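Asks:
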Amino acid sequence: DAGVIQSPRHEVTEMGQEVTLRCKPISGHDYLFWYRQTMMRGLELLIYFNNNVPIDDSGMPEDRFSAKMPNASFSTLKIQPSEPRDSAVYFCASSLLPKNIQYFGAGTRLSVL
Amino acid sequence: TQLLEQSPQFLSIQEGENLTVYCNSSSVFSSLQWYRQEPGEGPVLLVTVVTGGEVKKLKRLTFQFGDARKDSSLHITAAQTGDTGLYLCAGRGGADGLTFGKGTHLIIQP
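Keeping their order, the protein sequence lines are chains U and S.
Using our numbering, read the first sequence as starting at 2 and increasing by one per residue.
Using our numbering, read the second sequence as starting at 142 and increasing by one per residue.
(1) Taking the CB atoms as reference points, tell me whether U/Ile48 and U/Asp58 lie closer together than 8 Å.
(2) Using a C-beta to C-beta distance shorter than 9 Å, which residues of chain S count as neighbours of U/Ile102?
(3) So U/Tyr36 and U/Phe92 are supposed to be a Cβ contact under 8 Å. How far apart are they, rounded?
(4) With which residues is U/Asn72 paired in a DSSP beta bridge?
(5) Can you grab the Cα-Cα spacing for the pair S/Glu179 / U/Arg23, in whole Å?
(6) Candidates S/Asn159, S/Arg210 and S/Gly183: which alpha carbon is nearest S/Gly234's?
(7) Closer than 8 Å, CB to CB, is S/Lys243 near chain U or not?
(8) Identify, in the order they occur along the chain, each residue of the same chain with its Cβ nearer than 6 Å to the Cβ of S/Lys194, setting aside the five sequence neighbours on each side.
(9) How many Å lie between U/Leu98 and U/Asn52 at the Cα?
(10) How big is the Cα-Cα spacing for S/His216 and S/Phe204?
(11) Taking Cβ-Cβ distances shorter than 9 Å, what residues in chain S pair up with U/Gly108?
(12) Please list, in chain order, the residues of the segment 10 to 42 of chain U that have any C-beta partner in chain S closer than 9 Å.
(13) Would you mind giving the Cβ-Cβ distance between U/Lys25 and U/Val54, rounded to the nearest angstrom? I have them listed as a contact below 8 Å.
(14) Give every residue of the same chain whose Cβ lies closer than 8 Å to the Cβ of U/Glu12, excluding the five residues on either side of it in the sequence, and list them in chain order.
(15) Taking Cβ positions only, does U/Leu97 come closer than 8 Å to chain S?
(16) Does S/Arg177 pass the burial test, meaning 16 or more other C-beta atoms within 10 Å, or should it be called exposed?
This is the structure we're talking about:
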């Protein structure tokens, strides 16, 4: 298996623009997690899905953030409008069961100017 | 909110030296995981400890879970340049998500 695939790897945008990050989990994994990593706050869980259904979105910072999982092989994290403080590395991870090993993608480095 | 404090935040030592990094919390976790992250990559799981007092060894790495399941340590013997990276601990409480510490940035100099 190719592992968790995230795109794009790097995104540079201007404040106010819409940003969409994409994730393809490992085939057969029922759980998908979105994390954000910054030097100040470390790695934070934003939201996670089970069988395409959002289970806990309490980590989503603001209404500007939204996440969807239209099918078992694809998820998006959208920021609209983006702000400079959203600059971070965003990771997607998947696991077979909730308490199993989480496999992380390589991340998307977002810079909002 | 469950918090994990990792120390030190940064550590730079010479190849061949030993080191210990720590992960502490005031909360009890059902299990605790250690990850290693290299630049430009996502975290990769090294080990999971579940039982209080548990010790696990992975080659030159020794992981220990505190008796009260609130803290953990990672000891590296005879560090190598390949050990360089960000070491993250993550605790699992009652929910399905993980709570991560901010990590220890480890640099092993040749």
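Backbone N, C-alpha and C define an ideal beta-carbon position, used for all residues, glycine too.
All of these numbers come straight from a predicted model, not from anything done at the bench.
Replies: Judging by the given coordinates:
(1) Yes, the Cβ-Cβ distance between U/Ile48 and U/Asp58 is below 8 Å.
(2) Close partners of U/Ile102 in chain S (Cβ separation under 9 Å): Gln174, Leu186 and Thr189.
(3) Confirmed, about 4 Å.
(4) Per DSSP, the beta bridge partners of U/Asn72 are U/Phe75.
(5) About 21 Å.
(6) Ranked by Cα distance from S/Gly234, the options S/Asn159, S/Arg210 and S/Gly183 are led by S/Arg210.
(7) Yes, because at least one Cβ of chain U sits closer than 8 Å to the Cβ of S/Lys243.
(8) For the record, residue 194 of chain S in the displayed sequence is Gly; it is not Lys. Beyond the five residues adjoining it in sequence on each side, S/Gly194 comes within less than 6 Å, by CB distance, of Asp208 in the same chain, given in chain order.
(9) When rounded, the distance between both Cα atoms is 11 Å.
(10) Their Cα atoms are separated by approximately 6 Å.
(11) Within chain S, the residues near U/Gly108 are Gly181, Glu182 and Gly183.
(12) Within the segment 10 to 42 of chain U, the qualifying residues are Arg10, Tyr32, Phe34, Tyr36, Gln38, Met40, Met41 and Arg42.
(13) Rounded, the Cβ-Cβ distance is 18 Å, inconsistent with contact.
(14) Within the same chain, U/Glu12 has close Cβ partners Val20, Leu22, Thr109, Arg110, Leu111 and Ser112.
(15) No - not a single Cβ of chain S is within 8 Å of the one on U/Leu97.
(16) Counting Cβ neighbours within 10 Å, S/Arg177 comes out buried, since at least 16 surround it.
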